[in-house]
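Structure first, then comments.
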Amino acid sequence: MHKFINLMRITIKKIAKAISLFLFPPLCIGCRHYSEKRNQLCTNCKNSLEPVVSHELSITNTRSATVYACARYSGIIQKLIRLKNYKQPQGSYVLGTMMAEQFHTIMHDVDYIIPVPLHWTRRLWRGFNQAEIIAHTCSLQWHIPISCPLVRIKKTPQLTKLSKKDRAVVLSNCFALTSKALREKKCYKNTTVAIVDDLCTSGATVREMSILLYSLGVKEVRVIVAARTC
Ligand SMILES: [Zn+2]
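The working numbering puts the first residue of the sequence shown at 7, with every later residue one more than the last.
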């Protein structure tokens, strides 16, 4: 009798799973075709990404930062990044997972992960900060703590339509060190930090942040993004 009940339980579970897969099939977030994992990229979409090599971004005359990106800003990755403009955080979770997997081996010596801060008004409007979602995913995978020593003090317009020169002007002095970071300056001395965001375009945002981070005593700044345009 006991065996029969167990068999019934297993059969019901299997039927329920089959019905759930039929009604709610796991679809790729990029192409909406059937995928092994729900809300992730399928193999075809992953293979369609255009890889880019890392590059050195000049910060000052003597300092630079290496920018690591999963892919060039086009196709599926562009689509995922743009989801944030429609207040949909799902894209950022997928990007975070992708970045955490791809850069796992080169981030083992990083001391802090630093998400690019949003101005509080934009964060309130959007409901989330995509860089924070990515940072949390990477932090869990890499076992590296998140630190937020910077705050965005200037509200900037949408940067996508601005030229490289205009971006630099708009972004100058738009970040500041928090009073906590200034009080705990010694925690950052000689550390390696990774700035994370979804997209790097002209590099102006990262440059502004890096100048402040180097002033805290940081030894090396790395930049990890899902995509870059340059
Ligand atoms: Zn797909």
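Even glycine gets a Cβ: it sits at the ideal position worked out from N, Cα and C.
request  = Determine the direct distance from the alpha carbon of I87 to that of D172, and round the result to whole angstroms.
outcome  = 22 angstroms
message = Suppose the cutoff is 6 angstroms on Cβ atoms and the five residues either side in sequence are ignored; what does the same chain contact list for S208 look like?
response = K170, R173
query = Per DSSP, what kind of secondary structure is Y79 in: helix, strand or coil?
reply = coil
request  = Would you list the residues whose beta-carbon is nearer than 6 angstroms to any heavy atom of ligand 1, in the order they occur in the chain?
outcome  = C34, G36, C37, H39, L47, C48, N50, C51
task = Under the assumption that V73 contacts R234 (Cβ atoms under 8 angstroms), give the Cβ distance between them as a whole number of angstroms.
result = 6 angstroms
query = Do you know offhand how far A24's Cα is from L156's?
reply = 49 angstroms
key: Length at least 3, wholly inside the region 162-235: the beta strand (DSSP E) runs in chain order   = 181-183, 198-206, 226-234
inquiry  = What residue range does the alpha helix (DSSP H) around H142 cover?
reply    = 136-148
request  = Could you have a look at S153 and say whether DSSP puts it in helix, strand or coil?
outcome  = coil
Backbone CA spacing between G81 and V231 [nearest angstrom] = 16 angstroms
query = How about T143 and G102: do their beta carbons lie closer than 8 angstroms?
reply = yes
query = Taking DSSP as the reference, what is the three-state secondary structure of E56?
reply = coil
task = Flag this pair as touching only if the region 190-201 and the region 109-129 have three or more C-beta atom pairs under 8 angstroms; answer yes or no.
result = yes
request  = With L101 as the anchor, note down where its alpha helix (DSSP H) starts and where it stops.
outcome  = 96-108
message = Check for me: the beta strand (DSSP E) holding L63 runs from which residue to which?
response = 61-64
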